[in-house]
Amino acid sequence: MDILNHIMAALPLIFSLEVIIAMILGTAVGITVGALPGLSATMGIAVLIPLTFTMEPLVALGMVAGIYNGAMYGGSIPAILLRIPGTPAGIATVFDGYPMAQKGQAPLALKVSLASSAIGSAVSAVALLLLAPPLAAIALKFGPADYFWLALFGMTTIAVLLSNNPAKGLLSTCLGLVVGMVGIDAMTGAERFTFGSMDLLSGINIIVLLTGLFAIPPAIDLAVKRLSEQKEAPIDKKEDRIRWKPFIPVWIKSSIMGVVIGIIPALGGNVAAVLAWNEQRRSDPDNDQYGKGEPKGVAAPECANNADTAATLIPALTLGIPGSAVAAVILGALLVHGLRPGPQLFRDDPEIVFGFMLTMFVTAILMFVIGRFGARAFVHVLKAPTTLLAPMIICLAVVGIYSIHNSMFEVWLMLFFGLLGYGMERLDIPTAPAVLAVILGPMAEESLRRALLISGGSFDYLVKSWISWIIIAMIAMTLIVPLWKRLRRLQPSRGDQE
Amino acid sequence: MPRPLIELVCALLVGGLCIAGFVEATNYTGPSGYLPKAVTVFALLLSLIWALQSALSLQKRKKEASQEPMSLARTALFMGSSLAYVVAIPFIGYFTATLVFIPAVASTLGYRKLRILLGAPLVFVIALYILFSLVLQVQLPEELLLQLVGIR
Numbered sequence: 001m002d003i004l005n006h007i008m009a010a011l012p013l014i015f016s017l018e019v020i021i022a023m024i025l026g027t028a029v030g031i032t033v034g035a036l037p038g039l040s041a042t043m044g045i046a047v048l049i050p051l052t053f054t055m056e057p058l059v060a061l062g063m064v065a066g067i068y069n070g071a072m073y074g075g076s077i078p079a080i081l082l083r084i085p086g087t088p089a090g091i092a093t094v095f096d097g098y099p100m101a102q103k104g105q106a107p108l109a110l111k112v113s114l115a116s117s118a119i120g121s122a123v124s125a126v127a128l129l130l131l132a133p134p135l136a137a138i139a140l141k142f143g144p145a146d147y148f149w150l151a152l153f154g155m156t157t158i159a160v161l162l163s164n165n166p167a168k169g170l171l172s173t174c175l176g177l178v179v180g181m182v183g184i185d186a187m188t189g190a191e192r193f194t195f196g197s198m199d200l201l202s203g204i205n206i207i208v209l210l211t212g213l214f215a216i217p218p219a220i221d222l223a224v225k226r227l228s229e230q231k232e233a234p235i236d237k238k239e240d241r242i243r244w245k246p247f248i249p250v251w252i253k254s255s256i257m258g259v260v261i262g263i264i265p266a267l268g269g270n271v272a273a274v275l276a277w278n279e280q281r282r283s284d285p286d287n288d289q290y291g292k293g294e295p296k297g298v299a300a301p302e303c304a305n306n307a308d309t310a311a312t313l314i315p316a317l318t319l320g321i322p323g324s325a326v327a328a329v330i331l332g333a334l335l336v337h338g339l340r341p342g343p344q345l346f347r348d349d350p351e352i353v354f355g356f357m358l359t360m361f362v363t364a365i366l367m368f369v370i371g372r373f374g375a376r377a378f379v380h381v382l383k384a385p386t387t388l389l390a391p392m393i394i395c396l397a398v399v400g401i402y403s404i405h406n407s408m409f410e411v412w413l414m415l416f417f418g419l420l421g422y423g424m425e426r427l428d429i430p431t432a433p434a435v436l437a438v439i440l441g442p443m444a445e446e447s448l449r450r451a452l453l454i455s456g457g458s459f460d461y462l463v464k465s466w467i468s469w470i471i472i473a474m475i476a477m478t479l480i481v482p483l484w485k486r487l488r489r490l491q492p493s494r495g496d497q498e
Numbered sequence: 001m002p003r004p005l006i007e008l009v010c011a012l013l014v015g016g017l018c019i020a021g022f023v024e025a026t027n028y029t030g031p032s033g034y035l036p037k038a039v040t041v042f043a044l045l046l047s048l049i050w051a052l053q054s055a056l057s058l059q060k061r062k063k064e065a066s067q068e069p070m071s072l073a074r075t076a077l078f079m080g081s082s083l084a085y086v087v088a089i090p091f092i093g094y095f096t097a098t099l100v101f102i103p104a105v106a107s108t109l110g111y112r113k114l115r116i117l118l119g120a121p122l123v124f125v126i127a128l129y130i131l132f133s134l135v136l137q138v139q140l141p142e143e144l145l146l147q148l149v150g151i152r
């Protein structure tokens, strides 16, 4: 009942002219960004956050929701026409999307992809609206010790699961922890890692780090790889008629998979898409048609990767624990607008948080409308020369960062993080754990100190509540399961040798 | 250079930075020093593990294809021109630097359609000028181009 009241209170806010324009713009930009191979929703949101500084929080968040949903669908356009997934989540769409395009069924594949994406996004937004408030209510019962373990759980999961080499993932987390410590310690007033620089006293702005790590490396890739020179599949102008009824079970199954995978930290849209495609192929009696241009092979991954979008935000909004890079960037956007993610957000700013969740739903519908009428324009985006786009991204990132504090120092810092991020990507070190650690590091440190203050310096307090024990068990599982899997993989090969 | 060797050098470099970070962290007293010290020591251990892994794979695989020289040159060119662009902004202004940077980089990277090469950056700069200078009223560094035209 409470949820319904909050939704009713937020509804008039999201249908104001500014929010509607922001959602339309965001969705169009999102589809465009997603359609450009090499650019992702994370990058699009990171670059555009500085533009939203002067906007009302809900207007800014409406734009963010549009970019996020739009980019997830946009990724399927080059996957179908060029055999290049525009975003990592579009990888499974290639399997059947490109063969369909080669058979002259590109418009049909794009139509299936659009409808499936819109349905996946809408289901995900409903899941967010229904699951986030009760979870936030539970999270209000958490004490400082529980929050300390929760922050540790968030950092460990991402570091271990996002990298093939846990040492590299954890090193990335350490980088984020150090960046998060730069500046004056809020509790003691001591300067940390400032090296006498006045510019570093107030710490490193998270947007500087986000833009550097997520906008500069794709720009370098665009400049280096010349992705747009790929051959486009032919587009047959006549559209095939399609019966939607057989797609309904595919959408139901794939949406559920997408939502569940979205809630689990570190998995993301690409995992959801591949698993949904696999499951669809396994369960279909005509499974030999998959990989050769089966429309349901496009519907399943597109529905699943879009169903992942809002679901990823469930732990991020309710606990303040982002489970993916894009969720971390969205948390950055919330922080920029003075909104602190976590259960308090639902208590202190219910109109904003429910409004944001509703914009995720509305942009799912907008995506269908914009995608349907703007299909031809978005296909043309693929022809944009990457050698021109790459320097434009740099220019946009530079002016965006400069406009935060009119500081050239921050622009240099952003470029430094950009080069560092590019180097990390070359060395297979994931960048997302660093960003998560910048958000979660201060939360962990503050919670630990508060816990020690309450207990008079006794560490026993950290393991007194049952919530803490559950989270500790989850951390242990995160660390042990990959190790156990690796050992199991080694065992048969040893047997083979014998 | 083989990939494991690059990784080994990077791991040792990171290890060195961790030691420097730990030395710096020893200056922080009380609760302010706990996390910096713990993080730098943990990162040092991780960098040593990484170095060991790289050294082992260096022994296993002696020959491995390195990055194409052409792609390295393009990366260096793009990074170098981006740094030069940021250096130029305080002297000639953001929009003037942008108007030079985009076509210069695109043409160096091999883009040849002259009309788009000159037209697209102009439209882009006008859009940015409207958005940042007129709508958001961001105070950007003095513009050489606008001074020459006599607007500022």
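Those protein sequence lines, which keep their order, are chains A and B.
Following UniProt numbering, the numbering of the first sequence begins with 1 at its first residue and continues without gaps.
Following UniProt numbering, the numbering of the second sequence begins with 1 at its first residue and continues without gaps.
Even glycine gets a Cβ: it sits at the ideal position worked out from N, Cα and C.
Bear in mind that the values here come from a model prediction, so they are computed numbers and not experimental data.
Under 9 Å between the Cβ atoms of residue i and residue j?
i, j, result
"A/Ile31", "A/Ile370", "yes"
"B/Val138", "A/Val411", "no"
"A/Gly66", "A/Leu25", "yes"
"A/Phe195", "A/Gly183", "no"
"A/Ser117", "A/Phe247", "no"
"A/Ile207", "A/Gly355", "no"
"A/Leu313", "A/Met357", "yes"
"A/Thr27", "A/Met443", "no"
"A/Pro50", "A/Thr211", "yes"
"A/Ile84", "A/Val438", "no"
"A/Ala307", "A/Ala272", "yes"
"A/Val336", "A/Ala60", "yes"
"A/Ile393", "A/Leu48", "no"
"A/Ala219", "A/Ile261", "no"
"B/Leu5", "A/Glu445", "no"
"A/Ile3", "A/Leu129", "yes"
"residue 586 of chain A", "A/Pro482", "Since the first residue of chain A shown is 1 and the last is 498, residue 586 of chain A is not available in this structure."
Given this structure, state the Cα-to-Cα distance separating residue i from residue j, to the nearest angstrom.
i, j, result
"A/Val94", "A/Leu382", "16 Å"
"B/Ile49", "B/Gly15", "10 Å"
"B/Leu140", "A/Gly176", "30 Å"
"A/Ala300", "A/Tyr147", "37 Å"
"B/Phe91", "A/Leu462", "55 Å"
"residue 499 of chain A", "A/Ser113", "Because chain A in this structure spans residues 1 to 498, residue 499 of chain A falls outside the shown range and cannot be described."
"A/Asp349", "B/Ala84", "44 Å"
"B/Val105", "A/Asp221", "14 Å"
"B/Thr26", "A/Gly258", "47 Å"
"A/Phe417", "A/Asn287", "46 Å"
"B/Leu146", "B/Gly93", "9 Å"
"B/Leu8", "A/Met63", "43 Å"
"A/Lys225", "A/Phe214", "17 Å"
"A/Trp466", "A/Gly90", "40 Å"
"B/Met1", "B/Lys60", "15 Å"
"B/Thr29", "A/Glu279", "56 Å"
"A/Val362", "A/Ala132", "17 Å"
"B/Ala97", "B/Ser81", "11 Å"
"A/Asp96", "A/Ala190", "58 Å"
"A/Lys111", "A/Asn164", "36 Å"
Exposed or buried, which one is residue i when buried takes at least 16 other CB atoms within 10 Å?
i, result
"A/Thr42", "buried"
"B/Arg115", "exposed"
"A/Asp185", "buried"
"A/His6", "buried"
"A/Trp251", "buried"
"B/Val39", "buried"
"B/Leu124", "Rather than Leu, the amino acid found at residue 124 of chain B in this sequence is Phe. So B/Phe124 counts as buried."
"A/Thr54", "exposed"
Can you round the beta-carbon distance between residue i and residue j to whole angstroms, since I take them to be within the 8 Å contact cut?
i, j, result
"A/Gly74", "A/Ala122", "Rounded, the Cβ-Cβ distance is 17 Å, inconsistent with contact."
"A/Thr359", "A/Ser124", "Rounded, the Cβ-Cβ distance is 13 Å, inconsistent with contact."
"A/Pro265", "A/Thr157", "5 Å"
"A/Ser447", "A/Ala151", "7 Å"
"A/Thr173", "A/Ala434", "7 Å"
"A/Ile77", "A/Phe373", "Going by Cβ atoms, the distance from A/Ile77 to A/Phe373 rounds to 15 Å, so no, they are not a contact pair."
"A/Phe459", "A/Asp199", "Rounded, the Cβ-Cβ distance is 37 Å, inconsistent with contact."
Quick check: is any heavy atom of the ligand GDP less than 8 Å from the C-beta of residue i?
i, result
"A/Leu17", "The ligand GDP is not among the ligands present in this structure, which contains no ligands whatsoever."
Near-chain A residues of the region 119-135 of chain B - C-beta to any C-beta below 9 Å: Ala120, Pro121, Phe124, Val125, Leu128, Leu131, Phe132, Val135
Under 8 Å (Cβ pairs) to chain B, residues found in the region 386-397 of chain A: Thr387, Leu388, Ala390, Pro391, Met392, Ile394, Cys395, Leu396
Selection of the region 447-479 of chain A by Cβ proximity to chain B, strictly under 7 Å: Arg449
Against chain B: residues of the region 302-324 of chain A by CB proximity under 7 Å: none
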